[in-house]
Amino acid sequence: MKIAILTGGGDAPGLNPVIRAVAKVAKENQVEMIGIKRGWAGLVELDHFPLKWEDVKNLHSEGGTFLLSSRTNPIKMENGIKLVSENLKQVADGLIAMGGEDTLGVANELYKNGINVVGVPKTIDNDLFSTDYTIGFDTAINITVEAIDRIRSTGKSHERFMVVEVMGRHAGWLAVHSGLAAGADIILYPEEKYDSQEVCNKIKELKKQGQNTGIIVIAEGAEEKEGSYTTQDQELDAFGHVKLGGAGEKLAKLIEDKTGIETRHIVLGHLVRGGTPSAFDRVYGARLGYAAIKLVLEKKWGQMLTLRGTEIKSMSLEDGVKQLKTVTSDYKDLIKQLT
Numbered sequence: 235m236k237i238a239i240l241t242g243g244g245d246a247p248g249l250n251p252v253i254r255a256v257a258k259v260a261k262e263n264q265v266e267m268i269g270i271k272r273g274w275a276g277l278v279e280l281d282h283f284p285l286k287w288e289d290v291k292n293l294h295s296e297g298g299t300f301l302l303s304s305r306t307n308p309i310k311m312e313n314g315i316k317l318v319s320e321n322l323k324q325v326a327d328g329l330i331a332m333g334g335e336d337t338l339g340v341a342n343e344l345y346k347n348g349i350n351v352v353g354v355p356k357t358i359d360n361d362l363f364s365t366d367y368t369i370g371f372d373t374a375i376n377i378t379v380e381a382i383d384r385i386r387s388t389g390k391s392h393e394r395f396m397v398v399e400v401m402g403r404h405a406g407w408l409a410v411h412s413g414l415a416a417g418a419d420i421i422l423y424p425e426e427k428y429d430s431q432e433v434c435n436k437i438k439e440l441k442k443q444g445q446n447t448g449i450i451v452i453a454e455g456a457e458e459k460e461g462s463y464t465t466q467d468q469e470l471d472a473f474g475h476v477k478l479g480g481a482g483e484k485l486a487k488l489i490e491d492k493t494g495i496e497t498r499h500i501v502l503g504h505l506v507r508g509g510t511p512s513a514f515d516r517v518y519g520a521r522l523g524y525a526a527i528k529l530v531l532e533k534k535w536g537q538m539l540t541l542r543g544t545e546i547k548s549m550s551l552e553d554g555v556k557q558l559k560t561v562t563s564d565y566k567d568l569i570k571q572l573t
């Protein structure tokens with residue numbers, strides 16, 4: 235049996251541990267692995283290579299993805315799904331696709347067109363409704379919290395308020411978890427539109443209480459009640475997403491203009507997607523890699539892996555990509571109490 239494997243969309247810490255585990259378990263079960271380069275682009279262009287255990291056995295501590303990635307969307311191409319399907323059939327009997335909602339959405343379309351596919355959830359946004367945690371989320375939180383701790387010390391030294399912008403287009407899990415863990419004074423996220431005047435009033439109140447520095451965490455997709463997304467430009471990517479950016483800068487300027495309190499901003503951006511994966515993501519990645527090959531050997535196609543509590547389970551790709559997981563009411567209440 236020959237099985238191809240690819241990573242699509244934005245990279246995330248923990249992908250290499252998945253690839254490593256897949257290669258090892260495949261070797262032990264006489265499954266030949268084919269690496270597909272740059273996600274769906276590699277199947278469009280048929281850019282592939284034999285994936286050997288010897289090539290990936292030391293990847294457990296490396297960030298990024300050994301297979302490379304891209305945001306290519308074959309659904310948007312003329313006869314793209316047909317082309318990808320035919321190319322895959324030339325090199326493999328099935329496919330393991332690692333990605334978020336977009337990548338797994340394409341995987342589901344392939345399955346509906348008769349292709350053997352297994353999905354593995356990956357995104358630092360942790361916004362897949364089907365799973366409690368996605369690969370990369372834990373590492374991203376830890377990196378973000380460490381960065382905020384460092385930013386806090388320089389803000390304190392200069393008696394400034396610091397606005398920290400993090401990733402999160404439609405779901406604010408990264409902003410919420412890192413903000414709570416770092417003791418942020420204000421946390422703004424896409425699920426709750428914010429009132430900029432209320433933000434300014436809160437900062438003035440903190441100042442009145444003798445607090446001369448503070449942390450505001452804002453997700454890139456957070457919106458003002460009377461505004462909209464802050465974007466870098468209106469050009470869309472292959473999956474129809476506008477490029478977000480500038481929410482933190484806009485808010486910092488607004489705070490300074492309205493309150494006269496010195497405020498700076500920093501965009502963590504891609505920083506939290508890179509580097510060494512956490513111990514959790516390494517072990518989680520290994521578990522997902524093992525479980526993916528088990529699904530392949532059992533010929534349970536059209537399934538994606540999920541984490542429910544502490545157990546790795548599976549569900550249909552179709553159900554798994556139906557909706558996003560957004561910040562829940564209990565977290566919203568917690569934020570109101572602690573900030």
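When we follow my numbering, the leftmost residue of the sequence shown carries the number 235, and every step to the right adds one.
C-beta: ideal position from N, C-alpha, C; glycine also.
Next on the checklist: Here's the rule I'm using: 16 or more other beta-carbon atoms within 10 Å means buried, otherwise exposed. How should Q230 be labelled?
Outcome noted: Here the chain has residues from 235 to 573 only, and residue 230 is not among them.
Checklist entry - If you draw a straight line from the C-alpha of G480 to the C-alpha of E454, how long is it? => result Roughly 7 Å separates the two Cα atoms.
Item to check | Beta-carbon gap between I239 and V259 smaller than 8 Å | outcome: Against a cut-off of 8 Å, the Cβ pair of V259 and I239 comes out as no contact.
Checklist entry - From which residue to which residue does the alpha helix (DSSP H) around S430 run? => result Run containing S430: S430 to K442, per the alpha helix (DSSP H) assignment.
Next on the checklist: For a test of the three-state rule: what should DSSP assign to I385, helix, strand or coil?
Outcome noted: Shown here, I385 sits in a helix according to DSSP, grouped into three states.
Checklist entry - Would you call the CB atoms of G370 and G243 closer than 8 Å? => result No; because the gap between Cβ atoms is not below 8 Å, this pair is not in contact.
Item to check | Option nearest K547 by Cα separation, candidates G519, E532 and A525 | outcome: That would be A525, whose Cα lies nearest to the Cα of K547.
Checklist entry - How do the segment 284-292 and the segment 333-350 stand: do at least 3 beta-carbon pairs fall below 8 Å, yes or no? => result Counting Cβ pairs under 8 Å, fewer than three are found: no touch.
Next on the checklist: If I measure Cβ to Cβ from T560 and keep anything under 6 Å in the same chain, skipping five residues before and after, which residues do I get?
Outcome noted: Only residues of its own chain outside the window of five on either side were considered, and among them A405 and E425 have a CB closer than 6 Å to the CB of T560, listed in chain order.
Item to check | Beta-carbon proximity list for V318, same chain, < 7 Å, skipping 5 on both sides | outcome: Hits under 7 Å: W274, L277, V278, P308 and L344.
Item to check | Within 8 Å, strictly: CB atoms of M396 and I358 | outcome: No, they are not a contact pair.
Item to check | Which residues DSSP lists as bridging H499, in chain order | outcome: Answer is V397, bridged to H499.
Checklist entry - I421 to L502, Cα distance in whole Å? => result Between the C-alpha atoms of I421 and L502 there is a straight-line separation of about 15 Å.
Item to check | Rounded separation between K534 and G413 - CA only | outcome: The straight-line gap from Cα to Cα measures roughly 39 Å.
Item to check | Top-ranked residue by Cα proximity to T497, from K438, K310 and D366 | outcome: Closest by alpha carbon: K438.
Next on the checklist: Less than 8 Å between the C-beta atoms of A381 and L505, yes or no?
Outcome noted: Cβ distance < 8 Å, so A381 and L505 count as in contact.
Next on the checklist: Give me the DSSP bridge partner(s) of P247.
Outcome noted: For P247, no pairing in a beta bridge is given by DSSP.
Next on the checklist: Going by DSSP, what residue range makes up the alpha helix (DSSP H) through E320?
Outcome noted: G314 to V325 is the extent of the alpha helix (DSSP H) around E320.
Checklist entry - Between I253 and L293, which are expected to be in contact by the criterion C-beta below 8 Å, what is the C-beta distance as a whole number of angstroms? => result By a beta-carbon distance limit of 8 Å, I253 contacts L293. Their separation comes to about 6 Å.
Checklist entry - What are the boundary residues of the beta strand (DSSP E) that G482 is part of? => result For G482, there is no enclosing beta strand (DSSP E); the enclosing alpha helix (DSSP H) has its first and last residue at A481 to T493.
Checklist entry - Between E554 and L362, is the Cβ-Cβ spacing less than 8 Å? => result First, the amino acid is wrong: residue 554 is Gly here, not Glu. Yes.
Item to check | Residue range of the unbroken alpha helix (DSSP H) whose run includes G536 | outcome: G536 -> no alpha helix (DSSP H), and no H or E assigned at all.
Item to check | Residue closest to A374, alpha-carbon to alpha-carbon, out of G402, A326 and V351 | outcome: Considering only alpha carbons, the answer is G402.
Next on the checklist: Does I349 come out as helix, strand or coil in the three-state DSSP assignment?
Outcome noted: Taken through DSSP and simplified to helix, strand or coil, I349 comes out as coil.
Checklist entry - Short check: CB of G181 to CB of G297, under 8 Å? => result With the chain represented from 235 up to 573, any question about residue 181 goes unanswered, as that position is not in the structure.
Checklist entry - Under a Cβ-count criterion, where at least 16 other Cβ atoms within 10 Å of its own Cβ denotes burial, should L551 be classed as buried or exposed? => result Residue burial annotation: L551 is buried, with at least 16 other C-beta atoms found within 10 angstroms of its C-beta.
Item to check | Distance between K442 and S303 (C-alpha atoms, nearest Å) | outcome: S303 and K442 have their C-alpha atoms some 49 Å from each other.
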